[in-house]
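Right, one structure below, let's go through it.
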Amino acid sequence: MESAGGPSRGLQRLRAAANGADGELARICREYGVRLLVAFGSVVRDDPAANDLDLAASFVSPDPNVLGLLDELATVGSFAVEAGFWSPGWPLR
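The structure is reproduced here in structure tokens:
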């Protein structure tokens, strides 16, 4: 999916979904068992050189459908996805 408006616009769309009356982002988080969803990095700091939207999620389930969540978030935010995964059971290297 091509990013429509860049990472800042994607963050604005996610914020709108979080604050909207229809509760779209809350529904997505419930559906995928997201306990906490956080945006971080350069786009949150309003860095004009931001070139991506960093998101982190904590899940209720030990085996979440991460790709399904990313697909839904990318659709709502109209941004391209590059994913990295980490789980508490995995060693950091």
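Going left to right, the sequence shown walks through residues 2 to 94 as the numbering used here numbers them.
Even for Gly, the Cβ is constructed at its ideal location relative to N, Cα and C.
- Message: Quick check: A84 and L71, are their CB atoms within less than 8 Å of each other?
- Response: For A84 and L71, yes; Cβs fall inside 8 Å.
- Beta-carbon proximity of A40 to L15, cut-off 8 Å: Going by C-beta atoms, A40 is nearer than 8 Å to L15.
- Message: Taking the alpha carbon of L54 as the reference point, which residue from V44, E32 and F60 has its own alpha carbon closest?
- Response: Proximity to L54 across V44, E32 and F60 peaks at V44, based on C-alpha coordinates.
- Other residues of its chain near A58: CB distance less than 6 Å, five sequence neighbours each side excluded: Taken in chain order, the residues that qualify are V35 and L38.
- Query: Counting along the chain, where does the beta strand (DSSP E) carrying V39 start and finish?
  - Reply: Here the beta strand (DSSP E) through V39 covers V35 to F41.
- At what residues does the beta strand (DSSP E) containing L56 begin and finish? Bounds of the beta strand (DSSP E) holding L56 are D55 to F60.
- Applying the criterion that 16 or more other CB atoms from any shown protein chain within 10 Å of the CB defines a buried residue, is G69 buried or exposed? With fewer than 16 neighbouring CB atoms inside 10 Å of its own CB, G69 falls in the exposed class.
- Item | Contacts around V77, its chain only, beta-carbon distance under 8 Å, and the 5 residues preceding and following it disregarded | Only R14, L15, A18, E25, L26 and I29 meet the Cβ criterion.
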